[in-house]
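With the UniProt record's numbering applied, the sequence shown covers 1 to 311.
See structure below.
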Amino acid sequence: MGTESKRTVSRCVTEVEDGTHAFEIVGYSLKRGIGVGKFVRSGTFAVGGHHWAIRFYPDGIVEDSKDYVSVYLELMGTSDAEARAAYTLGFVKRATGKVKIVSSEDTRVFKANDDSRFAPRSTKFMLRSNLEGEASGYIEGDCLTIECEIDAIKETLVSETMGCSEIEVPPSELSDHFGRLLVEDQGRDVAFSVGAEAFAAHRIVLAARSPVFKAELYGEMRESTDRYAMDRLKLMCQSILRKHLHVENVVSMLALADQHNCGKLKDVCVEFIASEIDAMDTEGYENLKKNFPSVLVRVLEKTSRFNSRYG
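So, in structure tokens, the structure goes:
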């Protein structure tokens, strides 16, 4: 008996945590002129299990960007800190509260031990003149707000392997149920009279097994050569009769096969007669000649071929 198969299941779950941080710079004008490469940093904030901060360079981060302001998102933490995240950085319009996104990236890797901890990679975030222009609406009451939104991919969780219960489906009992129909008397609704004996049966089973019974029991009856169209049963009977063939009964068996259109049995009888023609008595031969002349011709043809091949 084969070993029952076992099915186990584990699951990998990856989640994204999003967070938004607004860094408000009060007294913006006082930060101007602190020098190239000098910055103010926001307080740290946590998103996706990591700590982040925003750096603002009022006079640009390098000499080449001194006419610009530089803004960076920074991954904080120990040197081995590493995160995967997408982000947006922009300025908030003070009158409407809407954010003008200046820089954004799809998911990328931040590593705290090298320059990849900063984003974006550009040193020129926005021209200072555009930021400070009255039409921009970013600075009001000498206040500027930088807003950063982060979508951080959290650590992938893999659940422990666990068994998955199988639902055992029992084998079909249809054959047993039909077998009980034959043994029990319940439900029998039709009877066959054979001689002095009556046999009860189930109408629905007969209809299922024989299209002619179905036509007779549930519809108009059609006559056919084999009235009950039970071909398998007919072949079974022919097989049983073939096993009991001998010289004394072969002619009567042939008559039976001819009467009931049993082609297989008829062919077997012809073969048998051809091989045993010399052993048949005169009465059997005369009976064959009288009642089955066409069969006798076939027998003689087979006999002549047999003799020419093996004689």
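Using N, Cα and C, we set each Cβ at its ideal position, and we do this for glycine too.
These figures come from a predicted structure and were not determined experimentally.
Contact check, residue i vs residue j, beta carbons under 8 angstroms
i: Thr20; j: Glu149; result: yes
i: Phe45; j: Phe56; result: no
i: Val107; j: Arg128; result: Just to set this straight, residue 107 is Thr in the shown sequence, not Val. In this structure, Arg128 does not lie closer than 8 angstroms to Thr107 by Cβ.
i: Val36; j: Glu63; result: yes
i: Ile25; j: Cys143; result: yes
i: Phe118; j: Tyr68; result: no
i: Val247; j: Glu276; result: yes
i: Leu13; j: Leu174; result: A quick correction: the sequence has Val, not Leu, at residue 13. No.
Residues sharing a beta bridge with residue i, DSSP
i: Gly19; result: Ile150
i: Val194; result: Glu197
i: Glu24; result: Thr145
i: Ile54; result: Leu73
i: Thr88; result: Ser104 and Glu149
i: Lys111; result: Glu82
i: Phe118; result: Glu74
i: Leu157; result: Val13
Through-space distance from residue j to residue i, alpha-carbon basis
i: Cys269; j: Gly195; result: 29 angstroms
i: Glu82; j: Ser172; result: 58 angstroms
i: Leu241; j: Arg7; result: 54 angstroms
i: Arg298; j: Asn261; result: 17 angstroms
i: Gly43; j: Glu15; result: 25 angstroms
i: Glu74; j: Ser10; result: 35 angstroms
i: Tyr72; j: Leu131; result: 16 angstroms
i: Asp59; j: Thr123; result: 11 angstroms
i: Phe110; j: Glu134; result: 36 angstroms
i: residue 313; j: Ala86; result: What the structure shows of the chain is the stretch from 1 to 311, and residue 313 is not part of that stretch, so it cannot be assessed.
i: Pro120; j: Lys66; result: 17 angstroms
i: Val205; j: Glu197; result: 21 angstroms
i: Lys289; j: Ala208; result: 43 angstroms
i: His244; j: Glu271; result: 14 angstroms
i: Arg177; j: Val183; result: Before going on, a small fix: residue 177 reads as His here, not Arg. Their backbone Cα atoms lie some 10 angstroms apart in a straight line.
i: Asn249; j: Gly284; result: 9 angstroms
i: Phe213; j: Ser239; result: 24 angstroms
i: Gly27; j: Gly49; result: 32 angstroms
Residue i in three-state terms, based on DSSP
i: Ser224; result: Because Ser224 carries a pLDDT of 42, less than 50, the predicted location of this residue cannot be relied on, and no value is offered for it.
i: Ala81; result: coil
i: Cys269; result: helix
i: Ala46; result: strand
i: Arg41; result: strand
i: Glu248; result: coil
i: Val99; result: strand
i: Phe125; result: coil
i: Glu140; result: strand
i: Ala255; result: helix
Nearest to residue i (by Cα), restricted to the options the options
i: Ser136; options: Phe199, Leu265, Gly43 and Ala95; result: Ala95
i: Glu147; options: Ile204, Thr88 and Pro293; result: Thr88
i: Phe292; options: Cys12, Glu276, Ser275 and Ala257; result: Ala257
i: Cys237; options: Val247, Arg41 and Met253; result: Met253
i: Lys234; options: Gly77, Gly263 and Pro211; result: Gly263
i: Ala201; options: Val190, Val71 and Ala207; result: Val190
i: Asn113; options: Phe125, Pro120, Ser239 and Thr78; result: Thr78
i: Asp18; options: Ala152, Gln259 and Leu174; result: Ala152
i: Ala255; options: Glu248, His246, Lys266 and Leu245; result: Lys266
i: Ala22; options: Leu206, Val99, Met76 and Ala198; result: Val99
i: Ser70; options: Gly90, Gly179 and Arg203; result: Gly90
i: Ala274; options: Lys290, Val251 and Glu283; result: Val251
i: Ser116; options: Gly179, Asp80 and Glu140; result: Asp80
i: Pro211; options: Ile139, Glu286, Asp231 and Tyr28; result: Asp231
i: Ile54; options: Glu286, Thr145 and Lys31; result: Thr145
Short CB-CB distance (under 8 angstroms) between residue i and chain C
i: Gly48; result: Absence of chain C from the displayed structure is noted, only one protein chain being present.
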